[in-house]
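A quick write-up on the structure given underneath.
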Amino acid sequence: MSIRPPTPERSLTEMSREDLRAALLALGEPRYRADQIHKWIFARGARSFDAMTDAPKALRRKLEEAGYTIGRAVVEKVRESIDGTRKLQFRLSDGAAIESVLIPMPGGVFTQCLSSQVGCAMDCKFCYTGTLGLSRHLTAGEIVDQVLLAPGTLPAGMRIDHVVYMGMGEPLHNFDAVLQSIQVICDPEGPGYSHKRVTISTSGLVPQIDRLAEIAPVNLAISLNATTDEVRDRLMPVNKRYPLAELIECVRRYPLPPRRKLTFEYVLLGGVNDSDDDARRLVKLLRGLSARVNLIPWNPFDGTAYARPDDERVRAFQRILLDRNLTVTVRVTKGLDIDAACGQLGERPDAA
Ligand code: SF4
658 MSIRPPTPER SLTEMSREDL RAALLALGEP RYRADQIHKW IFARGARSFD AMTDAPKALR
718 RKLEEAGYTI GRAVVEKVRE SIDGTRKLQF RLSDGAAIES VLIPMPGGVF TQCLSSQVGC
778 AMDCKFCYTG TLGLSRHLTA GEIVDQVLLA PGTLPAGMRI DHVVYMGMGE PLHNFDAVLQ
838 SIQVICDPEG PGYSHKRVTI STSGLVPQID RLAEIAPVNL AISLNATTDE VRDRLMPVNK
898 RYPLAELIEC VRRYPLPPRR KLTFEYVLLG GVNDSDDDAR RLVKLLRGLS ARVNLIPWNP
958 FDGTAYARPD DERVRAFQRI LLDRNLTVTV RVTKGLDIDA ACGQLGERPD AA
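Counting from 1 along the sequence shown, just add 657 to a position and that's the residue number in this note's numbering.
Okay, structure coming up:
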């Protein structure tokens, strides 16, 4: 089975302005036409060539005949949690479904959690998406489509100011498409996010973290979740390939811009990785790193044997880290009632 996306056509939403100029030049069109089309897609939100009323019809047909489309995703469903979290379900042109979550933040803004694959190959045992396996990678355009379509699902006056690659999939397993999507999302003449407002979260693919460090100065989050190889091997099979010592050594090399911190996510599973000894080992592992720890009390889904630790245990774990001067937050669970919380994404078999 191929994990490559079907690509009979190419979406213009995966192109930076420079890419679009080159594509139109190859069709014998001048530079200003590329700028005109770019503006329609990224500033005016056009999703069809017919909407581009001031572009010559002949040009629009030429683009269609050359196999170009504008986007390969549509918003199929929007669900809103009682806490204001919104889960967007997108249907892709081949029928696959992906999800993206808009998380409300202080100040009336949202952080958007993006998917990078249909399903995921990493098989983390505490994650619903991991139970689905990997169907295929997303194209860069399908990742950008989530960014372009999400603002239209929000009430007027609300906006998204951060994107995190933390939805369905391991972003660094789909490296080239993710990198291309960052290029488009951070294009000042496109969606215009600064690299400071983009975070990649990874389960720990060491060679790809090193590659990312060379190319894109985005924020890095490591999904850590254990302090010994024995436990991490059980929770996250990727640890057998890149054990803890190798992973921590790799993130020590990551070139952090001044005043930025690496984020370590730590899903707390009752009785598995939430003991005082775990907290002390975590302090030791992160010694000397400019790091922030995000504790995530586990969000349950059917069919697993794990338990969410009680609040007292979470506080005790946090206290040990705080006493050693680590920056620690406990993630407030959001979107639990609509299966939009961390580790819960993916179409349920009984979904309407
Ligand atoms: S936690 Fe992330 S990397 Fe692990 S299975 Fe879930 S989506 Fe994949």
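Each residue gets a CB set at the ideal place from its N, CA and C atoms; glycine is no exception.
In whole angstroms, what is the alpha-carbon distance linking residue i and residue j?
i: Ala1009; j: Phe747; result: Only weak support is given to the placement of Ala1009: the predicted model assigns it a pLDDT of 40, under 50, and the question is left unresolved by the model.
i: Ser880; j: Leu682; result: 43 Å
i: Gln693; j: Thr710; result: 11 Å
i: Asp996; j: Gly1003; result: 9 Å
i: Asn882; j: Thr786; result: 16 Å
i: Ala807; j: Val924; result: 27 Å
i: Ala964; j: Val929; result: 9 Å
i: Gly764; j: Gly741; result: 13 Å
i: Ala870; j: Leu877; result: 9 Å
i: Arg970; j: Gly927; result: 8 Å
i: Val908; j: Gly945; result: 11 Å
i: Thr670; j: Leu919; result: 30 Å
i: Ser773; j: Arg717; result: 29 Å
i: Glu675; j: Ala797; result: 15 Å
i: Thr856; j: Glu686; result: 36 Å
i: Glu737; j: Asn896; result: 35 Å
i: Val731; j: Cys843; result: 22 Å
i: Pro915; j: Met762; result: 24 Å
At a cut-off of 6 Å, would you count residue i as near the ligand SF4, judging by its Cβ distance to the nearest heavy atom?
i: Thr786; result: yes
i: Cys843; result: no
i: Met815; result: no
i: Met779; result: yes
i: Ser738; result: no
i: Ser705; result: no
i: Ser668; result: no
i: Glu686; result: no
i: Glu827; result: yes
i: Ser673; result: no
i: Ser947; result: no
i: Ser860; result: yes
Is it right to say residue i is buried, meaning 16 or more other beta carbons lie within 10 angstroms of its own, or is it exposed?
i: Glu733; result: exposed
i: Glu922; result: buried
i: Gly1000; result: buried
i: Ser705; result: exposed
i: Ser838; result: buried
i: Lys991; result: buried
i: Gly790; result: exposed
i: Pro845; result: exposed
i: Lys941; result: exposed
i: Ile739; result: exposed
i: Arg972; result: exposed
i: Asp934; result: exposed
i: Val985; result: buried
i: Val1011; result: Absent from the model: residue 1011. The displayed extent of the chain is 658 to 1009, so no value can be given.
Cβ-heavy atom distance between residue i and the ligand SAM below 6 Å?
i: Cys770; result: The ligand SAM is not part of this structure, which contains only the ligand SF4.
Taking residue i as the reference, which of the options has the closest Cα?
i: Tyr689; options: Pro713, Val888, Val804 and Ser738; result: Pro713
i: Pro966; options: Arg976, Trp955 and Asp959; result: Trp955
i: Trp697; options: Phe783, Ala902, Pro848 and Ala948; result: Pro848
i: Leu979; options: Pro957, Ala962 and Asn951; result: Asn951
i: Ala948; options: Asp959, Gly960, Thr961 and Arg981; result: Arg981
i: Ala703; options: Leu805, Leu745, Asp935 and Thr788; result: Leu805
i: Ile872; options: Asp890, Leu904, Leu836 and Gly685; result: Leu836
i: Gly1010; options: Tyr899, Leu993 and Leu684; result: Look at the range of the chain in this structure, 658 to 1009, and you will see that residue 1010 is not part of it.
i: Gly809; options: Phe699, Ala680, Met672 and Arg937; result: Phe699
i: Lys719; options: Ala936, Gly728, Asp707 and Arg729; result: Asp707
i: Arg891; options: Lys744, Thr768 and Asp780; result: Asp780
i: Gln840; options: Ser792, Ala680, Val801 and Val985; result: Val801
i: Cys777; options: Leu771, His794 and Cys770; result: His794
i: Asp867; options: Val888, Leu904, Met893 and Ile842; result: Leu904
i: Thr754; options: Leu745, Arg678 and Pro761; result: A small fix is needed here, since residue 754 is Ala in this sequence, not Thr. For Ala754, the nearest C-alpha among the options comes from Leu745.
i: Thr961; options: Arg854, Pro874, Phe783 and Arg816; result: Phe783
i: Ser851; options: Gly826, Leu829, Glu686 and Val821; result: Val821
i: Val863; options: Met762, Tyr899, Asp994 and Pro914; result: Tyr899
i: Asn831; options: Asp818, Lys897 and Val775; result: Val775
i: Ala813; options: Val766, Lys853, Leu943 and Leu829; result: Val766
i: Gln803; options: Met762, Ile727, Ser858 and Asp833; result: Ile727
i: Thr884; options: Arg988, Ser673 and Phe974; result: Phe974
i: Asp751; options: Val735, Glu827 and Arg729; result: Arg729
If we cut at 7 Å on Cβ distances, does residue i have a partner in chain C?
i: Lys744; result: Any reference to chain C falls outside this structure, which holds one protein chain only.
(message) Restricting to runs no shorter than 4 residues, where is the alpha helix (DSSP H) found entirely within the stretch 786-869?
(response) 797-806 and 832-842
(request) Go through the stretch 905-948 residue by residue and report every complete run of the beta strand (DSSP E) that reaches 3 residues or more, in order. (result) 919-925
(message) Restricting to runs no shorter than 3 residues, where is the beta strand (DSSP E) found entirely within the stretch 953-1005?
(response) 984-987
(request) Would you list, in sequence order, the uninterrupted beta strand (DSSP E) runs of no fewer than 3 residues that lie entirely inside the stretch 733-779? (result) 743-749, 754-762, 766-770 and 774-776
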